[in-house]
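There are 2 protein chains.
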Amino acid sequence: MNSNEELKNLLDFDLLSKLVVGIGEVSEITGVPTRQIRYWEEKGIIHSSQEAEGTTRKYDYLNVKKIILVKELLDDGYTLDAAAKKVGDRMKLINEAFAKLAQRSE
Amino acid sequence: MNSNEELKNLLDFDLLSKLVVGIGEVSEITGVPTRQIRYWEEKGIIHSSQEAEGTTRKYDYLNVKKIILVKELLDDGYTLDAAAKKVGDRMKLINEAFAKLAQRSE
DNA sequence: CATCGATTGTAATTAAGTTGCAATCTCAGA
DNA sequence: TCTGAGATTGCAACTTAATTACAATCGATG
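Line by line, the protein sequences are chains A and B. Taking my numbering, the leading residue of the first sequence gets 1, the next gets one more, and so forth. Taking my numbering, the leading residue of the second sequence gets 1001, the next gets one more, and so forth.
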């Protein structure tokens, strides 16, 4: 049994993907003000799942992770666009790894 | 490098533990009506993190997992109390495994 | 000092969640 | 069939959380 299988037994990836939190929670977790999160979203850097206009935005694990990474780079002196690009590249890898793990859990 | 270390590199357990969702979300995920979730909580079977009276309940991964398991047993014919006990035992193991994984991530 | 990127403030509105009280539903046993 | 305990549900009145739109601010750079 390889490590991924062990992992799948412990962690329910299907559930993980459904754990979507509100913007207030994201703000508390990341330290980024809600206003700023919405701004990044306006700019197309973050993509929450918002069913329709006027309904509340929801953020999954990967969304929150991305916000954390962007914030780290901003704090480090990057411009928003540069940070977004850099994080985008890294998120690709994380997304792929997750996709693999989530595969057989359906 | 063992599987747990690989896992830690991929999954941010600190973040996972902070992903707490509202009761409406839990209801959608699990198929258990919000009213019923509150009832189970009243009975002491579920323990959401509710800062104070009147504020909204929040449920983390393990809470939601527990609700899913309880529901499965109920659907299978168990009484609520019996299901709660059975699930409680299983959650102990899951909790321990998570505690181990969450350790060095701080 | 004007411009641009980045962020922030706020009012008015809607969505989501809370409690408490009471009603209902199920079903095993007298 | 009646009944009582366990389990669930309905709902009104209320509070908290989140939404949008418009405008203001703030710092760095040419």
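Glycine included, every Cβ here is placed at the ideal spot set by N, Cα and C.
Residue 18 of chain A: member of the alpha helix (DSSP H) spanning 13 to 18, first to last residue.
For residue 1019 of chain B, the closest Cβ of chain A is nearer than 8 Å. Following the DSSP letters along the chain, one finds residue 35 of chain A inside the alpha helix (DSSP H) bounded by residues 34 to 42. Three or more beta-carbon pairs separated by less than 8 Å link the stretch 32 to 43 of chain A to the stretch 65 to 84 of chain A, which places the two stretches in contact. Interface flag for residue 1070 of chain B against chain A is unset, since no Cβ pair is found closer than 8 Å. Below the 8 Å Cβ cutoff, chain A contributes 10 as neighbours of residue 1097 of chain B, in chain order. Residue 1048 of chain B carries a coil assignment under DSSP once its states are collapsed to helix, strand and coil.
By the C-beta criterion, the stretch 1010 to 1018 of chain B is judged to be in contact with the stretch 57 to 72 of chain A, since at least 3 inter-stretch pairs fall below 8 Å.
The C-beta distance from residue 1059 of chain B to residue 1021 of chain B rounds to 6 Å, short enough to fall under 8 Å. Following the DSSP letters along the chain, one finds residue 1085 of chain B inside the alpha helix (DSSP H) bounded by residues 1080 to 1103.
When rounded, the separation of the alpha-carbon atoms in residue 53 of chain A and residue 44 of chain A is 16 Å.
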